[in-house]
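Enquirer: Below is the structure I would like to discuss, written out as structure tokens.
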């Protein structure tokens, strides 16, 4: 069961510090809820004002990663072509209903059927932190492989967004790992979608000095990088 403690102080920071001292955890291990704050009133300059918060432990659920990449099987050519047609038809209909005109190109390489979406309003397909693209990716994969014996891996991208994001995340993971090692303290990254968390895990999975794990629940799930 998650630990819970309340803290009181003259400021928000003091209240949080008080709660953390009672619960015995660091700030990145809890969620903070404001339960009482001083109300601004006239003639209250001399009035004693306090802030009360509740700190609740974030239960850690480790997002396991393999030391080896999952082997993707080569799908038969006819299944790949069927997946290409079905995905293209679905995306065109989907974008038409959204009222946007976007271009779709595809290619099959490295055993993956890759689609790139481009156009003036292509950015709306990405969404905040890539959430829209991730949801559309899951939907397409489910539709294409429904009741199919041979699985075809489909990857959606928007004007190279994924490739650029992967490079940025790999650099971030490496930089944060160095900081964790040098300062000898854990660092919690901002909330990320599953695709982004996998990049962090994969980048550092063979690092001999740090480990990664995911905490929290969607859509606020985060990666924690800490010393082994």
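Residue numbers (this note's numbering): 1 to 228.
Using N, Cα and C, we set each Cβ at its ideal position, and we do this for glycine too.
Which residues bound the beta strand (DSSP E) around residue 107?
Expert: It spans 103 to 109 - the beta strand (DSSP E) in which residue 107 sits, taken as one unbroken run.
Enquirer: Ignoring anything shorter than 3 residues or poking outside the stretch 90 to 170, list the beta strand (DSSP E) runs there in chain order.
Expert: Here the runs fully enclosed are 103 to 109, 112 to 118, 154 to 158.
Enquirer: Does the beta-carbon of residue 130 have 16 or more other beta-carbons within 10 angstroms, so that it is buried, or is it exposed?
Expert: That one is buried.
Enquirer: What number of angstroms, rounded off, separates the C-alpha of residue 219 from the C-alpha of residue 126?
Expert: Near 15 Å, if we compare the C-alpha coordinates of residue 126 and residue 219.
Enquirer: Just reading off the alpha helix (DSSP H) that residue 14 is part of, what are its end residues?
Expert: Taken as a continuous stretch (DSSP letters only), the alpha helix (DSSP H) holding residue 14 covers 12 to 23.
Enquirer: For residue 5, which three-state DSSP category applies?
Expert: Residue 5 falls in the strand class under three-state DSSP.
Enquirer: My output table needs one value for residue 193: the three-state DSSP class, helix, strand or coil.
Expert: Three-state result, residue 193: coil.
Enquirer: Look up residue 81 in the DSSP assignment and say whether it is helix, strand or coil.
Expert: Helix at residue 81.
Enquirer: Measure the beta-carbon distance from residue 210 to residue 228 and round it to whole angstroms, keeping in mind my assumption that it falls under 8 Å.
Expert: That pair is a contact at about 6 Å.
Enquirer: Go to residue 212, then tell me how far its beta strand (DSSP E) extends in each direction, as first and last residue.
Expert: Note, residue 212: beta strand (DSSP E), 210 to 215.
Enquirer: Please work out which residues of its chain come closer than 6 Å, Cβ to Cβ, to residue 155, disregarding the five sequence neighbours upstream and downstream, and give them in chain order.
Expert: Answer for residue 155: 112, 114, listed in chain order.
Enquirer: Comparing C-alpha positions only, which one of 79, 141, 119, 188 sits nearest to residue 90?
Expert: Nearest C-alpha to residue 90: 141.
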